[in-house]
Amino acid sequence: AGVSGFLTGMLVWILGNPLMSFYTDSTEIMKWGNLRNQVVCTTYFICGMQEVLIGYLRGLGESLKPALISLFCICGLRVAWIYTAVPIFRAAYSEQASFSFLYVCYPITWIVILVALYFLYKHKKKELKKEQAEFDQKNITALSSVE
């Protein structure tokens, strides 16, 4: 997921103007679209890695916690970013720089989600090892009582 996401993102970024010409002829809109692609598409592989980890955790029976982590980061952190960080940055820099700063919230929230999911994965893995050890101990006890 990481490699294919990285390659696809880079391809979209490189072919930005030809792809955007399907939607508009405006060079101004293309400029802003290329700015977004520069930030989002080149880091989109992080989102793919996070989605793989979410799927892995769901397969282990953890569906609510990854959903809540994603909801908090995607909605909560991004809204907080828009209302706090972007106005501060906008006051100090140009309009184009403030839009870049707005788009940076995507990879930042993907990284935060990925880190949180990694810690959830480590916790779940430890929990499963403990359950497996208890199961093995019960089976050993049961087998030794049969003999």
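So the number in the numbering used here is just where the residue sits in the sequence shown, counting from 1, plus 942.
From the three backbone atoms N, C-alpha and C, an ideal C-beta is built for every residue, glycine too.
Predicted, not measured: the structure shown is a model, and the values here were computed from it.
Query raised in the report: Does the distance from the CB of proline 1008 to the CB of arginine 1000 come in under 8 Å?
Result: Yes, the pair counts as a contact, with Cβ atoms nearer than the cut-off.
Query raised in the report: Who are the Cβ neighbours of isoleucine 1082 in its own chain at under 6 Å, not counting the five residues just before and after it?
Result: For isoleucine 1082, where only same-chain residues beyond five positions count, there are no Cβ hits under 6 Å.
Query raised in the report: Straight-line CA distance for lysine 973 to aspartate 967?
Result: For lysine 973 and aspartate 967, the distance between alpha carbons rounds to 11 Å.
Query raised in the report: Taking all protein chains shown into account, do 16 or more other C-beta atoms lie within 10 angstroms of the C-beta of cysteine 1047, making it buried, or fewer, making it exposed?
Result: Cysteine 1047 should be labelled buried.
Query raised in the report: Rounded C-beta distance between valine 1054 and cysteine 1017? I'm assuming under 8 Å.
Result: In this structure valine 1054 is not in contact with cysteine 1017, their Cβ atoms being roughly 13 Å apart against a cut-off of 8 Å.
Query raised in the report: Which residues mark the beginning and the end of the alpha helix (DSSP H) in which alanine 1027 is found?
Result: Boundaries cannot be given for alanine 1027, as no alpha helix (DSSP H) includes it and DSSP labels it neither H nor E.
Query raised in the report: What is the residue span of the alpha helix (DSSP H) that glutamate 1037 lies within?
Result: Annotation for glutamate 1037: the continuous alpha helix (DSSP H) segment containing it runs 1037-1045.
Query raised in the report: How would you call alanine 1084, buried or exposed, if buried means at least 16 neighbouring beta carbons within 10 angstroms?
Result: Exposed: under 16 other Cβ atoms inside 10 Å.
Report task. For threonine 984, name the three-state secondary structure that DSSP assigns. Result -> The answer is helix: DSSP assigns threonine 984 an H, G or I state.
Query raised in the report: How many angstroms separate the CA atom of tyrosine 1063 from the CA atom of serine 963?
Result: Roughly 42 Å between the two C-alpha positions.
Query raised in the report: Whose C-beta lies closer than 8 Å to the C-beta of isoleucine 1011 among residues of the same chain, with five residues either side of it excluded?
Result: Taken in chain order, the residues that qualify are Ile1055, Ala1058, Leu1059 and Leu1062.
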